[in-house]
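Here the structure is laid out as structure tokens; the discussion comes afterwards.
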């Protein structure tokens, strides 16, 4: 399946779905029998909902997890799910998992890069990398590059990188990508989410001729274990929750609604022949408008030149590349 690459316009396609659409709704009528899906973090929060929905649609789901025992417990009772060990912040762990997967000889039809860390205390991994950039971007970058043969072995694989409206907080800090000496947890999170979006842009450009298309998505605001590093007082101050821990922001989605956009991007026939775009509310997002926070995609998060620059830097840092 080879075709000339054309960049997909970053504009709504009027999918018929929206903010309140659920995982089961976007998968209605889609048969994934015989398909193999990879879902990082697929045992918690919206990742768990994603795994459930894929299984219900007939897919076999591989869930690599930093805590395999916890994952197996969370996924107990779900058929056609297997758990393996993977710590995205540790490239040796990534290489080991990728090696096992490739050696199994299976093709991967869908890869949903859902795992991540948000606004954590300053933490360094590897050669001093900032944890959010290392886990959310570099770990997933390395994983996809190392399992490339499994993605190209089938027909029309899709890779979905879970970004966030948090990318509005920060572009890539090219002059200090690890926030050395000036760590700011939300800015570091924003940079990591921008990296997720840029990764999809360049991966799609490189992979489209081999039939692999890539997308990034904002799943929506969802209260999940992703916020585990945020004190309750901070979330109250942000007006996310009340004093009793209940969501008070009407824009928040349920986990099943939050899983919908990444499932739509991974499976929708409406995206056939498309790729490299940022999606939200189960549609391709519009470009962000100045002065309107957290809606649409910032130009710097889908800029092809920045995407290539990040790819080249990621290759230099990790040593992994499909080409």
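Residue numbers (my numbering): 254 to 576.
From the three backbone atoms N, C-alpha and C, an ideal C-beta is built for every residue, glycine too.
Computed from a predicted model, the values in this text were never measured in an experiment.
Check, Outcome
"Output the boundary residues of the beta strand (DSSP E) element that contains residue 337.", "334-338"
"Residues in its own chain within less than 6 Å of residue 480 by CB, not counting five upstream and five downstream?", "Low confidence applies to residue 480: its pLDDT is 44, below 50, so where it sits in the model is not reliable, and the reading given next is rough at best. The answer is none, since no qualifying residue turns up."
"Under three-state DSSP, which class holds residue 383?", "strand"
"Tell me which same chain residues have a C-beta within less than 8 Å of the C-beta of residue 556, skipping the five on either side of it?", "451 and 454"
"Can you tell which of 407, 420, 459 and 402 has its C-alpha closest to the C-alpha of residue 444?", "420"
"What does the Cβ neighbour count give for residue 292, buried or exposed, with the cut at 16 atoms within 10 Å?", "buried"
"At 4 residues or longer, what runs of the alpha helix (DSSP H) sit wholly inside the segment 311-380?", "321-327 and 344-356"
"Can the beta-carbon of residue 535 be found closer than 7 Å to that of residue 270?", "yes"
"For residue 438, count neighbouring C-beta atoms within 10 Å of its own C-beta (all shown protein chains included) and say buried if the count is 16 or more, exposed if not.", "buried"
"Give a yes or no on contact between the segment 421-433 and the segment 376-395, applying the rule of three or more CB pairs nearer than 8 Å.", "yes"
"Between 342, 335, 371 and 343, which lies nearest to residue 354 when the distance is taken from Cα to Cα?", "335"
"Hey, how far is the Cα of residue 489 from the Cα of residue 315?", "Note that residue 489 scores 48 on pLDDT, short of 50, meaning its location in the model is unreliable; the coordinates nonetheless yield the value given after this. Computed Cα separation, rounded: 36 Å."
"Let me know if residue 267 comes out buried or exposed under the rule of 16 or more other beta-carbons within 10 Å of its beta-carbon.", "exposed"
"Taking residue 286 as the reference, which of 359, 526, 311 and 295 has the closest Cα?", "311"
"From 295, 276 and 349, pick the residue whose C-alpha is nearest to that of residue 329; which is it?", "295"
"Measure the CB-CB distance between residue 410 and residue 470 and report whether it falls below 7 Å.", "no"
"Would you mind reading off the limits of the alpha helix (DSSP H) that contains residue 270?", "No alpha helix (DSSP H) contains residue 270, which DSSP labels as neither H nor E."
"In whole angstroms, give me the CA-to-CA distance for residue 290 and residue 459.", "21 Å"
"Suppose the cutoff is 8 Å on Cβ atoms and the five residues either side in sequence are ignored; what does the same chain contact list for residue 553 look like?", "424, 425, 447 and 559"
"Can you name, in chain order, every residue of its own chain whose Cβ lies under 7 Å from the Cβ of residue 561, other than the five neighbours on each side?", "455"
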